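**Student:** If you count the sequence shown from 1, you need to add 1 to reach the working numbering. Yeah, the Cβ is synthetic: ideal placement off N, Cα and C, and Gly gets one too. All values derive from a computational prediction rather than experimental measurement.
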Amino acid sequence: MTILARLTEKSWEPGPQPVERDRPAAGAVGMVAYFGVAMVMFSLLLAAYLMRMGLHAGAEHVHDWKPMPDPPLLWINTLVLAASSVAWEVARRERAARAAIAGSAMGVLFLVGQLLLWRHYQGAGYTLSSNPANAFFYLLTALHGLHIIGGLFAAGRALAAANMRNVALCALYWHFLLIVWLVLAALLLST
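(1) Could you pull out every residue in the same chain whose Cβ sits closer than 6 angstroms to the Cβ of Leu170, ignoring the five residues on either side in sequence?
(2) Looking at C-alpha atoms only, which residue of Leu110, Val41, Phe138 is the closest neighbour of Met69?
(3) Would you decide whether Ile150 is buried or exposed? Buried here means 16 or more other CB atoms lie within 10 Å of its CB.
(4) Distance check for Gly126 and Phe177, CA to CA, integer angstroms please.
(5) Between Met54 and the rest of its own chain, which residues show a CB-CB distance below 7 angstroms, the 5 nearest in sequence each way excluded?
(6) Does the Cβ of Val30 have 16 or more other Cβ atoms within 10 Å, making it buried, or fewer, making it exposed?
(7) Among Leu74, Trp175, Ala134, which has the Cα closest to the Cα of Ala100?
(8) With DSSP run on the structure shown, which of helix, strand or coil describes His62?
(9) Please report how far the alpha carbon of Ala49 lies from the alpha carbon of Leu5, in whole angstroms.
(10) If we ignore side chains and look at the alpha-carbon of each, how far apart do Met107 and Val91 end up?
(11) Would you tell me roughly how many angstroms separate the C-alpha atoms of Leu140 and Asn164, rounded to the nearest one?
(12) Going by other Cβ atoms of all chains shown within 10 Å of its Cβ, with 16 needed for buried, is Ala134 buried or exposed?
(13) Rounded to whole angstroms, what is the Cα-Cα separation between Thr142 and Phe111?
(14) Quick check on the DSSP output: the alpha helix (DSSP H) that includes Tyr122 runs from which residue to which?
(15) Please state the DSSP three-state secondary structure of Glu1.
(16) Determine the DSSP secondary structure at Ser85, reduced to helix, strand or coil.
(17) Taking Ala84 as the reference, which of His148, Ile102, Leu147 has the closest Cα?
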């Protein structure tokens, strides 16, 4: 509204009804804020990983950085998480609760696969305290796993309430977890 229009209006006359503003839902705003915080956390951990790994490359006296081997289970878990994300996208687009349940089930399968991977590594002697590369692996995968568990709780609540808006937010969250996992897996597989 211009200043001239504002000065010439008759404030005693009823005006048009206020227009309802299109605002994003509170859940969507919260999700974006959460993504920002989670991205900062994972970015800082990745930076610490790269700095610690670089410390090894730049210092001749440091010989404790020994990357872990890449078992096929790591790739299988990645495929399971990708399939889970696809199922969540189907749930979002088609408003299909069955697809959301399938996506959640694959999320649980991913966690089971991660636990099996941890057992495999520990059985092969790659323990948490044996070298910094192992410690970072366990830290990064544990934090990612905790975020998967949080997503499963949110999914359970959305499905129990039959709230498709929250199912859409869960799908977005699952895509975020997949992207974070792909970055983590690429980093872990490349070192």
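**Tutor:** Let me spell this out:
(1) Gly28, Met32
(2) Phe138
(3) exposed
(4) 32 angstroms
(5) Trp66, Thr192
(6) exposed
(7) Trp175
(8) Unreliable placement is indicated for His62, whose pLDDT of 48 sits below 50; the coordinate value is still reported in the next sentence. Residue state, collapsed to three classes: coil.
(9) 58 angstroms
(10) 14 angstroms
(11) 33 angstroms
(12) buried
(13) 11 angstroms
(14) 98-124
(15) Lying before the first or after the last residue shown, residue 1 is absent from the chain, which here runs from 2 to 192.
(16) helix
(17) Ile102
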